[in-house]
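Going by full-length UniProt numbering, the residue at position 63 of the sequence shown is 63; the numbering climbs one at a time, nothing skipped.
Idealized CB from N, CA, C, for every residue including glycine.
The structure under discussion appears below in the form of structure tokens.
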Amino acid sequence: MDTKLLTGLITAALIAVVLVMIWAGWRNRLRRQADVGRLPDVPEAPGVPLVGADGQYVASTTAGDWLDRIAVHRLGIRTNAVLSVYPHGVLFDRTGAPALYIPAGSLTAVRQESGMAGKFVEKDGLLVLTWDLGTHELDTGFRTRRAADKDALYDSLQQLIAAAPQEHSQDPQSGK
């Protein structure tokens, strides 16, 4: 057998094995995250946004674990998106994936980071929204296309979080 042909077959076999392993890992992640609740419905007529910006939806991860992508509901897939902030919540209109709506009462924090889930940028180049989905707390990252848009979004999100009644349950005795 020709050495080039043998090398090509071995390379093709290795690539096939790696692809099968990636597929199996993603399938197992979907199975592990089956308890992640249903996403909030996207409002049919959301109204006029307070502020919005083009950019990239990076991913949603388990809050505090920037490597643990959420695979269910296609939340772990990086896409181009428009992030719009409304008085009632936040809408990620994602290209090639379903829109993601987060009601204002589910948002718990917003911060700026330099990276998450395989996307690393300059210091404080990503907006990361922390929010509750059922019993899970998630972080969702967004990178604005224009740096000037990030500050307006950040300020608007902080105001939205401060003004919104929080939906996550609190124990009235402990305040937690």
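Where DSSP assigns a beta bridge to residue i, which residues make up the other side?
{"i": "Ser60", "result": "Thr140"}
{"i": "Asn28", "result": "Paired residues: none, contrary to the question."}
{"i": "Gln33", "result": "According to DSSP, Gln33 bridges with nothing at all."}
{"i": "Val128", "result": "Arg111, Gly141"}
{"i": "Lys4", "result": "Paired residue(s): none; Lys4 is not in a bridge."}
{"i": "Ile102", "result": "Val90"}
{"i": "Lys119", "result": "Met116"}
Could you check if residue i is buried or exposed, using at least 16 other CB atoms within 10 Å of its CB as the buried criterion?
{"i": "Asp68", "result": "buried"}
{"i": "Ile70", "result": "buried"}
{"i": "Ala53", "result": "buried"}
{"i": "Lys176", "result": "Confidence in Lys176 is poor, its pLDDT being 41 and thus under 50, which makes the residue's placement unreliable; the coordinate value appears in the next sentence. With fewer than 16 other Cβ atoms within 10 Å, it is exposed."}
{"i": "Gln173", "result": "In this predicted model, Gln173 has a pLDDT of only 40, less than 50, meaning its place in the structure is not dependable enough to derive any value."}
{"i": "Gln112", "result": "exposed"}
{"i": "Lys123", "result": "exposed"}
{"i": "Trp66", "result": "buried"}
{"i": "Lys4", "result": "exposed"}
{"i": "Ser84", "result": "buried"}
{"i": "Ala81", "result": "buried"}
{"i": "Val58", "result": "buried"}
Indicate the three-state DSSP secondary structure (helix, strand or coil) for residue i in the structure shown.
{"i": "Ser156", "result": "helix"}
{"i": "Ser84", "result": "strand"}
{"i": "Val42", "result": "coil"}
{"i": "Ala97", "result": "coil"}
{"i": "Thr135", "result": "coil"}
{"i": "Gly55", "result": "strand"}
{"i": "Val17", "result": "helix"}
{"i": "Ala163", "result": "helix"}
{"i": "Val90", "result": "strand"}
{"i": "Arg146", "result": "coil"}
{"i": "Arg78", "result": "coil"}
Can you name the start and end residues of the beta strand (DSSP E) that residue i belongs to?
{"i": "Leu107", "result": "107–113"}
Looking at the ligand FAD, does it come within less than 6 Å of residue i, judged from the CB to the closest heavy atom?
{"i": "Gly55", "result": "Of the ligands one can find in the structure shown there are none, so the ligand FAD has no counterpart to examine."}
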